[in-house]
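Here's the structure we're looking at; comments come further down.
Written as structure tokens, this is what we have:
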């Protein structure tokens, strides 16, 4: 870092994205991307919108906002579109955390929460998961601060029931609870149905996973009109044109192509269940994932060693060095062919261990 960097960022530890290697072609199962291309309608709409890139996009994204709201069964005033769900999460840290209101989140969860807290200079408290990597909602009741919970959690893939979220919301109506639903379309239970009942709830979702648009960067928040108004004030104080024209057009096409979305989600869930059984038959222990990834470990080989050997053989998965989960690897659910190659490669590695 240069000598010019403000002291307030001297201890900043940036988020580390999953590897995007260029030195060779890998079967890429490390960043929870979809194995399917975006909807043809999304591509068509985006290409048409590209012809008008000389013009700024609609800062309110009225057409896409209306489509998202209709799809979710909420009002337009309950939705705010952002540059990926990371942006809406950052807006929440900016709006609802300060020196008197810390951020509260699990110790094993999406790594960006800690970074958002640090870059916004707010204190935070990490609450340990239980020994089985599940989240106990009672640990968050009575805590002072804004709560951030990924549901299903990442990297564990474990969901919590809607009744737990409602219990948390009811426990303190004077604080905001943010439920990050990046993976909800793969078997989780969405809290969007609760926004009219609870004015302290913000739900975030993304087009990256289930709608095959990780490269487009499109997300959104869903909440009561007062919270959306707060977040809009933050947005218009940072970047009014936060969602570009081609991304918005692709998002509209993706929303309209509901059959394609449902087909892909179903295929990913089926492949996840098939691959999970195959891994269990090889001696792996898995968490009960309701996401587009599998979180797995085995006593036959260490997590770091398996990650390294898979990479050497052209298969990328995600390994975390945190001692609590270092025995595990997070494996994105790819196509059936990719997952078959993964299973075959793991068999080869385990055979080499003998």
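Residue numbers (the numbering used here): 2 to 355. A virtual CB, placed ideally from N, CA and C, is assigned to each residue, including glycine.
Self-check item: Cβ neighbour criterion (16 or more within 10 Å) applied to residue 49
Solution: exposed
Practice problem: Mind the definition here: the stretch 218-238 touches the stretch 73-80 only if three or more C-beta pairs lie below 8 Å; say whether that holds. | Solution: yes
Quiz item: So residue 270 and residue 188 are in contact, right, with Cβ under 8 Å, and what is the actual spacing, rounded?
Solution: 6 Å
Quiz item: Nearest-angstrom Cα distance between residue 123 and residue 162?
Solution: Whole-angstrom Cα-Cα distance: 29 Å.
Quiz item: Shortest alpha-carbon distance to residue 240 belongs to which of 58, 22 and 150?
Solution: 58
Quiz item: Which one or two residues does DSSP pair with residue 126 in a beta bridge?
Solution: Residue 126 has 105 as its beta-bridge partners, per DSSP.
Exercise. Ignore the nearest five residues each way along the sequence and tell me which others in residue 245's own chain have a CB closer than 7 Å to its CB.
Key: 58
Quiz item: Along the chain, which unbroken stretches of the alpha helix (DSSP H) at least 4 residues long are found entirely within the stretch 251-282?
Solution: 259-282
Quiz prompt | Three-state secondary structure (DSSP) of residue 231 | solution = helix
Quiz prompt | contact_flag[the stretch 143-154, the stretch 169-176] where n(CB pairs < 8 Å) is 3 or more | solution = yes
Practice problem: State yes or no: is the C-beta of residue 340 within less than 8 Å of the C-beta of residue 297? | Solution: no
Quiz item: Which two residues bound the contiguous alpha helix (DSSP H) that contains residue 304?
Solution: 304-313
Quiz prompt | Selection from 39, 120, 23 and 115 that minimises the alpha carbon distance to residue 6 | solution = It is 120.
Quiz item: From this set, 51, 304, 266 and 353, which residue's C-alpha is nearest residue 213's C-alpha?
Solution: Closest in C-alpha terms to residue 213, from the list 51, 304, 266 and 353, comes 266.
Exercise. Compute the distance between the beta-carbons of residue 195 and residue 228, then report whether it is under 8 Å.
Key: With a cutoff of 8 Å on beta-carbon distance, residue 195 and residue 228 are scored as not near each other.
Quiz item: How close, in whole Å, do the beta carbons of residue 65 and residue 183 come, if the pair is a contact with beta carbons under 8 Å?
Solution: Incorrect: roughly 19 Å between the Cβ atoms, too far for contact.
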